[in-house]
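Working notes, beginning with the structure itself.
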Amino acid sequence: MESIDKIYVYTVSGTAIYEKQKVDTFTFSISSLPAAQQVLIVKTVLKNGNVVTNKIIY
Numbered sequence: 001m002e003s004i005d006k007i008y009v010y011t012v013s014g015t016a017i018y019e020k021q022k023v024d025t026f027t028f029s030i031s032s033l034p035a036a037q038q039v040l041i042v043k044t045v046l047k048n049g050n051v052v053t054n055k056i057i058y
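Just so you know, we're using our numbering here: the sequence shown kicks off at 1 and counts up by one.
What follows is the structure in structure tokens.
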């Protein structure tokens with residue numbers, strides 16, 4: 001398992017609503033986003049350079 005380096009959160013229209021650099025952990029939770037029944041794109045960059053992108057409803 002690789003640790004997280006950076007996290008980006010976007011709306012489906014492409015607007016960046018959250019960004020965190022130097023996360024350096026295996027799990028991450030964002031408590032500052034208001035829940036609004038919206039679809040978000042979460043882009044996670046791992047320490048080894050791999051990128052994981054997930055679509056979530058939040």
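All C-beta atoms in this analysis are idealised placements derived from N, C-alpha and C, irrespective of residue type, glycine included.
- Sequence-distant partners of V12 (beyond 5 residues in either direction) whose C-beta falls short of 7 Å from its own C-beta, in its chain, are V39, I41.
- The alpha carbon of K22 has as its nearest neighbour, out of S3, S32, Y58, V51, the alpha carbon of S3.
- With 16 or more other Cβ atoms inside 10 Å of its own Cβ, V9 counts as buried.
- Assignment of alpha helix (DSSP H) within the stretch 7 to 35, counting only whole runs of 4 or more residues, yields no such run.
- K47 carries a coil assignment under DSSP once its states are collapsed to helix, strand and coil.
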